[in-house]
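Here's the structure we're looking at; comments come further down.
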Amino acid sequence: MPLLEMKGISKEFPGVKALENVDLTLDKGEVLALLGENGAGKSTLMKILSGIYGLDAGEILVDGQKADINNVSDATDLGISIIHQELNLIPDLCVYENIFLGREIVNPVTNRINKSALKEESKKLLKGLGMDINVNETVRNLSVAEQQMVEIAKVISMDCQIIIMDEPTDALMTNEVDRLFEVIRNLKSEDKGVIFISHKIDEIMEIADRVEVLRDGELIGSKKTAETDADDLISMMVGRELKEKFPKLKMKPGNIVMEVKGLNVPGMLKDISFNLRRSEVLGISGLVGAGRTELGKTLFGVYGHTGEVLIDGSPVNVKSPGDAIKAGIVYLTEDRKEEGLFSDKSVAYNMTLAKLKDFTGWMDRVNKDEEEAEVKDYVTKIRVKTPSISQTVENLSGGNQQKVLLAKWLMTNPKVMILDEPTRGIDVGAKVEIYNLINRLKKDGIAVIMISSELPEILGISDRIIVMHSGRITGELEDKDATQEKIMHYAVNIQGV
Ligand SMILES: Nc1ncnc2c1ncn2[C@@H]1O[C@H](COP(=O)(O)OP(=O)(O)OP(=O)(O)O)[C@@H](O)[C@H]1O
Ligand SMILES: [Mg+2]
């Protein structure tokens with residue numbers, strides 16, 4: 000008997016058929032991956048299972064018994080827990096409080112919460128995940144990867160029989176992913192069931208026993224990972240073969256648009272100098288902590304710095320993001336939840352935000368109709384899956400939220416566009432669309448700086464690559480000479496530049 004059966008699940012939101020007659024089974028000791036394009040319905044199916052959304056039709060059986068899941072505590076009682084795609088921690092509480100929220104250990108004698116027991120237990124859990132995090136630290140002060148690990152620790156500690164992980168590796172680096180996979184293998188050996196969602200097909204091939212593929216809210220099929228391969232899964236997922244994963248547009252770069260000379264930020268960046276040409280894609284690679292995001296943010300005026308930045312030959316003084324936008328420099332953040340989007344506002348509001356605030360005074364307010372037309376144009380161009388432009392952003396799937404953010408900056412007509420991990424959480428088909436979009440920027444003469452942790456992406460899209468280590472540039476490679484090995488060589492800084 001399967002541990003879990005979901006039968007004929009359907010779910011509709013206003014204007015969106017999110018799921019249509021979907022079946023899912025999970026055995027004890029099985030790792031099942033869910034694969035599908037952005038907006039295919041993966042998170043929705045898991046939210047139904049974990050009691051966050053009700054279902055319109057269908058039934059759920061746990062251990063062969065019909066389960067009536069009406070809210071989160073129903074699901075918890077059945078031993079089902081979920082690690083959400085958009086993290087669900089309370090930023091102002093500290094680590095151990097978050098882990099044991101609502102399940103505090105009470106001292107039976109004094110009837111008070113036994114804080115030291117909670118802290119001890121939290122320490123142990125995190126250690127088991129190989130994390131050295133101070134359990135008294137406020138969650139807000141942790142990196143996204145650390146927060147992800149805390150969330151994982153929280154769910155593991157609940158000792159559930161069905162564990163759902165919705166894109167848990169999105170913010171993690173290779174070694175952290177390895178640790179998570181160890182945890183998953185442990186859960187497996189304890190006969191628990193794990194549902195694992197990821198856009199990274201190599202991860203799925205490594206950790207999952209079986210894959211279910213969803214497309215537009217329907218189940219396309221199920222395959223054992225041992226009996227399939229990446230190309231097969233991709234074509235099931237997008238409904239066609241993806242011929243070119245990196246459609247790079249070869250163009251002769253134009254004039255120099257940006258010059259950076261001796262940029263310094265105490266404790267962050269040391270003596271950064273480079274040039275950037277129109278229609279050029281400059282990739283920035285390096286390991287975590289190399290200073291890539293810091294460089295992007297400094298050019299966007301987030302951090303005070305010394306050194307010179309010139310745009311079209313004239314020095315610009317970027318002391319704030321407002322200054323940067325005026326100079327034609329924009330930065331797409333890697334952290335869309337904290338910094339990028341107003342998730343309770345509409346698609347249209349978010350897309351036009353940077354444009355309105357910084358480019359029009361009250362006197363020359365853009366025409367509403369024109370603005371609407373432009374938003375609609377972008378929604379079509381980059382295929383944002385939304386029933387309308389007035390849809391609230393938090394109701395879009397993760398990947399589509401990323402596209403809204405991208406559109407927001409495109410609409411400001413920048414000269415230099417800095418993209419920090421622009422395809423994180425984006426499905427393989429939509430990735431190609433984003434690369435095509437980068438090609439369009441190139442054609443329009445825009446210069447692109449692309450920060451990415453994925454080496455195939457850096458190699459596949461960049462015309463030139465700068466590698467960083469400890470806040471410095473340790474190497475530069477032309478497209479034709481670049482290889483993964485050479486990048487890694489500079490990233491670990493073997494020569495000690
Ligand atoms: N609360 C909601 N209100 C309205 N529409 C919603 C809501 N939640 C999800 N949707 C819509 O349902 C569809 C499925 O979304 P879902 O989040 O399940 O996709 P996903 O497969 O998880 O995508 P991703 O890979 O981008 O995370 C999308 O069209 C989404 O916009
Ligand atoms: Mg999702």
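Read in numbering that gives the first Met the number 0, the sequence shown has 72 at position 73, and its numbers run on one by one without any break.
Every residue gets a Cβ at the ideal spot worked out from N, C-alpha and C, and that includes glycine.
Tell me which residues share the same chain as residue i and place their Cβ nearer than 6 Å to its Cβ, disregarding the 5 neighbours each side in the sequence.
i      : result
Gly312 : none
Tyr377 : Ala406
Tyr330 : Gly295, Phe299, Ile417
Glu217 : Glu19
Ile47  : Leu54
Whole angstroms is fine: what's the gap from residue i's alpha carbon to residue j's?
i      : j      : result
Val182 : Glu258 : 46 Å
Asp215 : Asn263 : 48 Å
Glu136 : Ile112 : 19 Å
Gly7   : Thr351 : 40 Å
Thr422 : Leu409 : 15 Å
Lys442 : Asp462 : 14 Å
Ile450 : Met487 : 15 Å
Pro314 : Thr391 : 40 Å
Trp361 : Phe12  : With a pLDDT of 47 at Trp361, under the threshold of 50, the modelled position of that residue is not reliable, and the figure given next carries that caveat. Approximately 37 Å between the Cα atoms of the pair.
Gly35  : Glu58  : 22 Å
Gln84  : Ser197 : 10 Å
Gly40  : Asp231 : 20 Å
Glu103 : Val71  : 18 Å
Cys159 : Val427 : 32 Å
Lys249 : Asp62  : 56 Å
Would the beta-carbon of residue i be found less than 7 Å away from any heavy atom of ligand 2?
i      : result
Gln400 : no
Gln147 : no
Gln160 : no
Gln84  : yes
Asn165 : In the sequence under discussion, the amino acid at residue 165 is Asp, which differs from the Asn named in the question. Yes, the Cβ of Asp165 comes within 7 Å of a heavy atom of ligand 2.
Ser42  : yes
Using alpha carbons as the reference points, say which of the options lies closest to residue i.
i      : options                        : result
Thr297 : Val431, Leu77, Asp270          : Asp270
Ser319 : Lys260, Met148, His304         : His304
Glu293 : His468, Glu484, Leu268, Lys367 : Leu268
Ile162 : Leu125, Asp208, Ile151         : Ile151
Glu145 : Ser188, Leu88, Phe99, Leu186   : Leu88
Asp228 : Ile433, Ile47, Ala170, Arg209  : Arg209
Gly470 : Glu484, Leu476, Val491         : Val491
Leu60  : Ser42, Asp26, Cys93            : Asp26
Glu307 : Phe273, Ser9, Arg335, Ile381   : Phe273
Met5   : Gln64, Lys16, Arg276           : Gln64
Which one or two residues does DSSP pair with residue i in a beta bridge?
i      : result
Lys16  : Glu11
Ser221 : Glu211
Thr391 : Ser345
Met5   : Leu23, Ile59
His468 : Arg471
Asp166 : Residue identity differs from the one stated: residue 166 is Glu in this sequence, not Asp. DSSP lists no partner for Glu166.
Ala116 : According to DSSP, which records beta bridges pairwise, Ala116 is partnered with nothing at all.
Thr305 : Asn263
Val193 : Val30, Ile162
Check whether the Cβ of residue i sits closer than 7 Å to any heavy atom of ligand 1, and report yes or no.
i      : result
Asn20  : no
Leu54  : no
Lys430 : no
Ala39  : yes
Lys384 : yes
Ala17  : yes
Apart from the five residues just before and just after residue i, which ones in its own chain have a Cβ nearer than 8 Å to its Cβ?
i      : result
Ala347 : Glu370, Glu371, Val374, Ile388, Ser389
Thr482 : Leu458
Val165 : First, the amino acid is wrong: residue 165 is Asp here, not Val. Around Asp165: Lys41, Ser42, Met45, Ile81, Ile82, His83, Gln84, Ile196.
Asp357 : For Asp357, the predicted model reports a pLDDT of 43, less than 50, meaning its position is unreliable; a value from the coordinates is still stated below. If we look at Asp357 and ignore the five residues flanking it on each side, its Cβ neighbours are Gly321, Ile324, Lys325, Thr411.
Whose C-beta lies closer than 7 Å to the C-beta of residue i among residues of the same chain, with five residues either side of it excluded?
i      : result
Asp155 : The question names Asp, but residue 155 in the sequence shown is Ile. For Ile155, where only same-chain residues beyond five positions count, the Cβ hits under 7 Å are Leu124, Val182.
Val30  : Ile183, Lys187, Val193, Phe195, Ile206, Ala207, Asp208
Asp131 : none
Ile445 : Pro413, Lys414, Met416
Spell out whether any CB of chain B is found under 8 Å from the CB atom of residue i.
i     : result
Glu58 : Protein chain content of the structure displayed is limited to a single chain, and chain B is not contained in it.
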